[in-house]
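Chains V and S supply the protein sequences, listed in that same order. Residue numbers for the first sequence follow my numbering, beginning at 1 and rising by one. Residue numbers for the second sequence follow my numbering, beginning at 1 and rising by one. The beta-carbon is built from N, C-alpha and C at its ideal position, and this holds for glycine as well. In this text, all values refer to a predicted model and were calculated from it rather than measured experimentally.
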Amino acid sequence: MIAGISIYEILTVTSILFFIGVYGFITRTNLISILMSVELILNASIINFVVINKYLYPDVFQGVFFSIFIIAVAAAETALAVAIIINLYRQISSVEVKDTEIMKY
Amino acid sequence: MEKIIFYILAIIIIVFAIASVTSRKMLRSVIYLLFVLCGIAGIYFLIDYNFLAAIQLTVYAGGIIVLIIFSVLLVHHIEMELEDIKTSKKILVGLASLLGLGVFLTTIYAYNFPVIENSNSIDMDTIGLGLLSYEAGGFILPFEVISVLLLAAMIGAIVIAKGTKIATSDKPKGKSLEKN
């Protein structure tokens with residue numbers, strides 16, 4: 001527990017972070033920026049897991065384990081997404097969303 | 001004292017997150033994301049989950065950010081600016097986000113969380129034993145699944161990024177390919 005900080009304040013911060021991520025996800029038109037917004041959303045959810053574990057169920061550590069798994073999945077996702085983006089850039093010389101209009105090649 | 005540190009971290013996280021999704025300089029927005037991730041690691045340090053903070057710093061700040069910076073530098077040149085978005089779209093999406101935030105916050109503040117006062121921490125032994133235990137509540141199965149997933153992602157990333165030399169030398173290297 002953080003002395004003097006209630007769970008409501010931390011959940012407020014993570015909610016704001018989540019919706020900043022949603023805002024970026026919708027308004028950005030660049031594939032890498034969209035990837036970064038997804039990272040923001042994932043991070044907000046990870047903090048929620050950890051904080052709820054710490055404040056409500058301090059005797060078990062399920063939230064910490066799930067956070068580790070989420071971080072691993074996020075790392076795999078980023079590596080694949082960057083590979084796809086670079087391959088796409090070699091094919092069509094652009095990473096804008098509006099230029100990617102076909103699935104194959 | 002911890003209260004002040006938490007508020008400073010919260011302000012850092014929110015301000016740099018907003019800067020990260022609104023900045024039009026690509027590389028700067030990645031660096032703002034780095035500050036956000038470091039602030040989140042600070043929150044983990046504050047609630048005494050040191051191992052998680054270390055993971056956050058190494059995997060996110062050390063790995064993912066470097067990967068994204070590499071891809072930005074491979075794809076753009078440094079001073080590249082993103083194109084401007086229509087103001088009407090910005091306002092609309094901003095309002096929708098604020099609406100969703102309002103719903104979230106009213107739900108959170110209406111619920112009475114049964115908080116337990118504690119100062120528990122978690123040490124490396126517990127994490128390692130929990131990940132490898134196949135008793136009830138152990139995490140051996142997801143751990144193995146994650147290891148296979150990471151291997152598959154690694155091979156897939158190599159195959160995709162290596163690619164085959166594209167047979168598009170006859171096609172114009174224009175903005176977009178023509179539809180076949």
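Count the other C-beta atoms from every protein chain shown that fall within 10 angstroms of the C-beta of residue i, then say buried if there are 16 or more, exposed otherwise.
| i | result |
| --- | --- |
| Thr58(S) | exposed |
| Gly4(V) | exposed |
| Val13(V) | buried |
| Met26(S) | buried |
| Met1(S) | exposed |
| Lys54(V) | buried |
| Thr27(V) | buried |
| Phe17(V) | One point to set straight first is that residue 17(V) is Leu, not Phe, in the sequence displayed. Answer is buried; the Cβ neighbour count reaches 16. |
| Thr78(V) | buried |
| Phe49(V) | buried |
| Ile68(V) | buried |
Which residues share a DSSP beta bridge with residue i?
| i | result |
| --- | --- |
| Asn30(V) | Glu96(V) |
| Glu81(S) | Lys25(S) |
Between residue i and residue j, how many whole angstroms is the CB-CB distance? I'm expecting something under 8 Å.
| i | j | result |
| --- | --- | --- |
| Ile144(V) | Ile91(S) | In the structure as shown, chain V begins at 1 and stops at 105. Residue 144(V) is therefore absent and cannot be evaluated. |
| Ala83(V) | Ile160(S) | 4 Å |
| Ala6(S) | Ile7(V) | The question names Ala, yet the displayed sequence has Phe at residue 6(S). The Cβ separation is near 12 Å, so there is no contact. |
If we ignore side chains and look at the alpha-carbon of each, how far apart do residue i and residue j end up?
| i | j | result |
| --- | --- | --- |
| Asn50(S) | Tyr44(S) | 7 Å |
| Leu74(S) | Leu82(S) | 16 Å |
| Tyr137(S) | Ile55(S) | The residue you asked about is not Tyr; residue 137(S) is Gly in the sequence shown. Roughly 22 Å between the two C-alpha positions. |
| Glu178(S) | Gln91(V) | Low per-residue confidence applies at Glu178(S): pLDDT is 44, beneath 50, and the placement is therefore not dependable, though the value from the model is reported in the following sentence. One C-alpha to the other measures close to 12 Å. |
| Leu203(S) | Val93(S) | The structure shown does not extend to residue 203(S), since chain S is modelled only from 1 to 180, so the question has no answer here. |
| Gly63(V) | Asp123(S) | 14 Å |
| Tyr23(V) | Gly39(S) | 20 Å |
| Gly174(S) | His76(S) | For Gly174(S), the predicted model reports a pLDDT of 47, less than 50, meaning its position is unreliable; a value from the coordinates is still stated below. The straight-line gap from Cα to Cα measures roughly 16 Å. |
| Leu141(S) | Tyr60(S) | 24 Å |
| Tyr109(S) | Thr29(V) | 34 Å |
| Ile65(S) | Val30(S) | 7 Å |
| Asn87(V) | Ser119(S) | 48 Å |
| Leu9(S) | Ile2(V) | 13 Å |
| Val115(S) | Leu56(V) | 5 Å |
| Gly42(S) | Phe16(S) | 14 Å |
Counting contacts by CB-CB distance shorter than 7 Å, is residue i in contact with chain S?
| i | result |
| --- | --- |
| Asn48(V) | no |
| Val97(V) | no |
| Leu88(V) | no |
| Leu40(V) | yes |
| Ser67(V) | yes |
| Thr14(V) | no |
| Ile34(V) | no |
| Gly24(V) | yes |
| Ile70(V) | no |
Can you find a CB in chain V that lies within less than 7 Å of the CB of residue i?
| i | result |
| --- | --- |
| Gly156(S) | yes |
| Ser97(S) | yes |
| Lys25(S) | no |
| Asn112(S) | no |
| Glu81(S) | no |
| Glu178(S) | In this prediction, Glu178(S) has a pLDDT of 44, which is less than 50 and means its spatial position is unreliable; what the coordinates show is noted afterwards. So, not an interface residue. |
| Lys3(S) | yes |
| Ile8(S) | no |
| Leu34(S) | no |
| Ile146(S) | yes |
| Leu46(S) | yes |
| Lys171(S) | At Lys171(S), the pLDDT of 47 sits below 50, so the modelled position is not reliable and the matter cannot be decided from this model. |
Against chain B, does residue i count as a neighbour if the rule is that its beta carbon must be under 7 Å from one of theirs?
| i | result |
| --- | --- |
| Gly4(V) | This model lacks chain B altogether; the protein chains it does include are V and S. |
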